[in-house]
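Quick note: the sequence shown uses this note's numbering, first residue 1028, plus one each step.
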Amino acid sequence: WTLCYQSQFGYDKWLMPATQVLLTELPKRGMNNVDIVCPGFSVDCLETLEEIAITGKKLFLKSGGNSLRYIPALNDSDEQIKLLISLIS
1028 WTLCYQSQFG YDKWLMPATQ VLLTELPKRG MNNVDIVCPG FSVDCLETLE EIAITGKKLF
1088 LKSGGNSLRY IPALNDSDEQ IKLLISLIS
């Protein structure tokens, strides 16, 4: 597994490695099938769906990867609701 960072905002230095850069490098390292989860998000949004599941997947495949599977956030699942209730209680 590895960590990477997305959604740079502004001109300041951002955390590395950048997701977009890593997605182009993984196939060169022989990692042609990847699963991606965004643990910083409790629900999917433009940052996860558009930047990772759509654009990131296209970039990875264009760079020689075979498959990229986006693992969705918990969203409105029963598990997520139970978790939120336990945190609020």
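Don't be surprised by glycine CBs; every beta carbon is placed ideally from N, CA and C.
Quick caveat: nothing in here was measured; it's all calculated off a predicted structure.
Would the beta-carbon of residue i fall within 7 Å of that of residue j?
{"i": "A1045", "j": "S1069", "result": "no"}
{"i": "D1062", "j": "N1102", "result": "no"}
{"i": "L1095", "j": "K1084", "result": "yes"}
{"i": "C1031", "j": "L1049", "result": "yes"}
{"i": "E1078", "j": "Q1033", "result": "yes"}
{"i": "W1041", "j": "Q1047", "result": "no"}
{"i": "S1104", "j": "T1051", "result": "no"}
So if DSSP puts residue i in a beta bridge, which residue, or which two residues, is it bridged to?
{"i": "I1098", "result": "V1064"}
Every unbroken beta strand (DSSP E) inside the segment 1035 to 1092 [3 residues or more]
Within the segment 1035 to 1092, the complete beta strand (DSSP E) runs of at least 3 residues are 1060 to 1064.
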